[in-house]
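Numbers 2 to 291, taken from this note's numbering, label the letters of the sequence shown in order.
The beta-carbon is built from N, C-alpha and C at its ideal position, and this holds for glycine as well.
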Amino acid sequence: MSQSHRPATTYTLAGRTVSRMGYGAMQLAGPGVFGPPKDRDAAIAVLREAVSSGVNHIDTSDFYGPHITNHLIREALHPYPDDLVIVTKVGARRGEDASWLPALEPEAIRQAVHDNLRNLGVDVLDVVNLRIMGDIHAPTEASIEREVTALAELQRQGLVRHIGLSNVTSAQVAQARKIAPIVCVQNQYNLVQRGDDALVDELAEQEIAYVPFFPLGGFSPIQSAGLSRVAEAIGATPMQVALVWLLHRAPNVLLIPGTSSVKHLRENIKAAQIALSDVVLAELDALGRA
Ligand SMILES: NC(=O)c1ccc[n+]([C@@H]2O[C@H](COP(=O)([O-])OP(=O)(O)OC[C@H]3O[C@@H](n4cnc5c(N)ncnc54)[C@H](OP(=O)(O)O)[C@@H]3O)[C@@H](O)[C@H]2O)c1
2 MSQSHRPATT
12 YTLAGRTVSR
22 MGYGAMQLAG
32 PGVFGPPKDR
42 DAAIAVLREA
52 VSSGVNHIDT
62 SDFYGPHITN
72 HLIREALHPY
82 PDDLVIVTKV
92 GARRGEDASW
102 LPALEPEAIR
112 QAVHDNLRNL
122 GVDVLDVVNL
132 RIMGDIHAPT
142 EASIEREVTA
152 LAELQRQGLV
162 RHIGLSNVTS
172 AQVAQARKIA
182 PIVCVQNQYN
192 LVQRGDDALV
202 DELAEQEIAY
212 VPFFPLGGFS
222 PIQSAGLSRV
232 AEAIGATPMQ
242 VALVWLLHRA
252 PNVLLIPGTS
262 SVKHLRENIK
272 AAQIALSDVV
282 LAELDALGRA
């Protein structure tokens, strides 16, 4: 008979125990992650509901809005609970036309860290991901030594506790680790976008958290007949199955699904409780290789 497994619920991130089901705040800004949300009270309600439901890992950036999601997080949650780990990122800025532009010069990194400190209302940032901008959704090989060195200097100054990387290759992780300890990597990955399969396993061995962005497919959530079939068979929603598959994928995978809806947030949080059998896991695994 096929065994069912429930994924582990916690992992150590930046020396703290976090629930593997976190929350990504990007969807709280206005359309195109630009400008204010349509309903500010609803955005605040989502953040408060997340924390009161046990989420203690929130992903943000000062370039969401820009500044908007950090202001919302501060308004909703400051003074922050002791166990909350807020992960922000630097490396990009927004054009007036809402475009995403690289901001990886050492001075831009320093400025971004100070912007995050001020807008989140903290003296030190828990984790800062250095977002490499080679190609917007896919990592490209290039040295990141200068950028990591700039962020490590801010860590030495006590402004940043831990460093993570985003949109990077395995070689870039190795290069960065020679400069500073790396606690997490945030790349695009989900049930049907599996380019990082090898990196997930490599980081699991190194006890570095892997935090997929677009875990549900991002701006166009995953649609797959196979996923819907599995979801119906086990009495869950397709989005819940996509999330719990990620939790089963490797112990170092931490989730930050984004939503602007309390209903979706509750649904996503419940996904962490779903047990999957070996047969169902194999069926889902095959979808990513189809
Ligand atoms: N490092 C990077 O470069 C990078 C890039 C992108 C994102 N991120 C981070 O990763 C986080 C996650 O990515 P994301 O928010 O862009 O994409 P996502 O989590 O893959 O998907 C978000 C989309 O799914 C919808 N959704 C969420 N829960 C749902 C549910 N239960 N049922 C149906 N639809 C649902 C949301 O709409 P509703 O609002 O209607 O729920 C939204 O349209 C972001 O919030 C951000 O913090 C990082």
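Heavy atom of ligand 1 within 7 Å of residue i beta-carbon
i	result
residue 58	no
residue 142	no
residue 269	yes
residue 35	no
residue 10	no
residue 167	yes
residue 27	yes
residue 275	no
residue 82	no
residue 187	yes
residue 257	yes
residue 222	yes
residue 261	yes
residue 118	no
residue 289	no
residue 21	no
residue 216	yes
residue 6	no
residue 219	yes
residue 179	no
C-alpha gap between residue i and residue j, whole angstroms
i	j	result
residue 76	residue 69	11 Å
residue 25	residue 285	24 Å
residue 181	residue 85	23 Å
residue 313	residue 99	Summary: the structure shown does not reach residue 313, with the chain confined to residues 2 through 291, and so no result is reported for it.
residue 175	residue 18	25 Å
residue 262	residue 57	18 Å
residue 169	residue 207	16 Å
residue 16	residue 184	9 Å
residue 268	residue 241	7 Å
residue 279	residue 3	6 Å
residue 23	residue 202	20 Å
residue 219	residue 9	24 Å
residue 178	residue 82	30 Å
Bridge partner(s) assigned by DSSP for residue i
i	result
residue 90	130
residue 187	167
residue 194	191
residue 220	Its beta-bridge partners do not exist; DSSP assigns none.
residue 58	86
residue 161	126
residue 66	35
residue 214	189
Residue from the options whose Cα sits closest to the Cα of residue i
i	options	result
residue 111	65, 95, 158, 141	158
residue 276	236, 253, 290, 266	236
residue 191	254, 144, 130, 129	254
residue 93	266, 279, 65	65
residue 107	133, 123, 128, 119	133
residue 247	195, 227, 62	195
residue 188	138, 81, 229, 244	138
residue 21	34, 257, 228	257
residue 35	290, 71, 46, 152	71
residue 101	115, 63, 74	63
residue 128	6, 193, 152, 49	152
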